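Heads up, the sequence shown is in my numbering, so the first residue is 6 and it goes up one at a time.
All C-beta atoms in this analysis are idealised placements derived from N, C-alpha and C, irrespective of residue type, glycine included.
Here the structure is a predicted model, which is why all the values come from computation and not from measurement.
The next block holds one structure in the form of structure tokens; read it before the comments.
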Amino acid sequence: MAKTNLITREGYQQLQQEHDYLWHEKRPEITKIVTWAASLGDRSENADYQFNKRVLRQIDRRVRYLRKRMPDLKIIDYNPQQAGKVFFGAWVEIENEQGETKRFRIVGPDEIYERKDYISIDAPMARALLGKQVDDDFSVMTPEGTKEWFINEITYPDAK
6 MAKTNLITRE GYQQLQQEHD YLWHEKRPEI TKIVTWAASL GDRSENADYQ FNKRVLRQID
66 RRVRYLRKRM PDLKIIDYNP QQAGKVFFGA WVEIENEQGE TKRFRIVGPD EIYERKDYIS
126 IDAPMARALL GKQVDDDFSV MTPEGTKEWF INEITYPDAK
């Protein structure tokens, strides 16, 4: 499934910070260690060299990904016309018939990592919520079957 190329402004800034950290701080640090370890001689038995060379490859792979992905991303800012309905960037609180509640933000697929309270705009739950309002009911298909939910609250971080 193709990833949606949408991202919040905060998400884009985080990717930019990650790129800058990896490229300007972490990579030079690891490069120094690799150079030092290589100067010790036999690289085939040098654990410092092998480990840090692997770390360097991981950094380079992530930097390449970010440099390729970031120009394709479209930053979506809050628009007052979104008020009262679920759109990209919304914080949503939902509840099921058993009274279980969930609260999460709908963001781009590049933003969901390391955040348990973010879901991708590409997720079935997010797709089912789009355009809905407070007090609306909606259904989501899950591997266990159809689940019914009710919208309790919709907020936007940038709404004044």
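Exposure label - isoleucine 159; buried when at least 16 CB within 10 Å: By 1-based counting over the sequence shown, the position of residue 159 is 154. Around the beta carbon of isoleucine 159, a 10 Å sphere encloses 16 or more other beta carbons of the protein chains shown; the residue is thus reported as buried.
Simplified DSSP assignment, three categories, for aspartate 25: Taking the sequence shown and counting its residues from 1, one reaches residue 25 at position 20. Three-state result, aspartate 25: helix.
Delimiting residues of the beta strand (DSSP E) encompassing arginine 110: Indexing the sequence shown from 1 puts residue 110 at position 105. Segment 106-112, the beta strand (DSSP E) holding arginine 110.
Proximal residues to isoleucine 124 (C-beta, below 7 Å), its chain only, five neighbours per side dropped: Translated into the one-based positions of the sequence shown, residue 124 becomes position 119. Sequence-distant Cβ neighbours of isoleucine 124 in its own chain, meaning closer than 7 Å and more than five residues away, are Phe109, Ile111, Ile117, Met130 and Ala131.
Residues that DSSP places opposite glutamine 18 in a beta bridge: On the sequence shown, residue 18 is found 13 positions in, with the first residue counted as 1. In the DSSP output, where bridge partners are listed per residue, glutamine 18 has none listed.
Pairwise C-alpha distance: glutamine 18 and arginine 173: Only positions 6 to 165 of the chain appear in this structure, which leaves residue 173 out of reach.
Residue range of the beta strand (DSSP E) that includes methionine 146: Residue mapping note: residue 146 aligns to position 141 of the sequence shown, counting from 1. Residues 142-147.
Cα-Cα separation, leucine 11 to tyrosine 83: One-based indexing of the sequence shown puts residue 11 at position 6. One-based indexing of the sequence shown puts residue 83 at position 78. Here the alpha carbon of leucine 11 sits roughly 13 Å from the alpha carbon of tyrosine 83.
Beta bridge counterpart(s) of tryptophan 96 as assigned by DSSP: In the sequence shown, the residue the question calls residue 96 occupies position 91. In the DSSP assignment, tryptophan 96 is bridged to Arg110 and Thr160.
Assigned secondary structure, glutamate 116 (DSSP; H/G/I helix, E/B strand, else coil): Sequence index remark: in the sequence shown, residue 116 carries index 111 (1-based). Note: glutamate 116 maps to coil in three-state DSSP.
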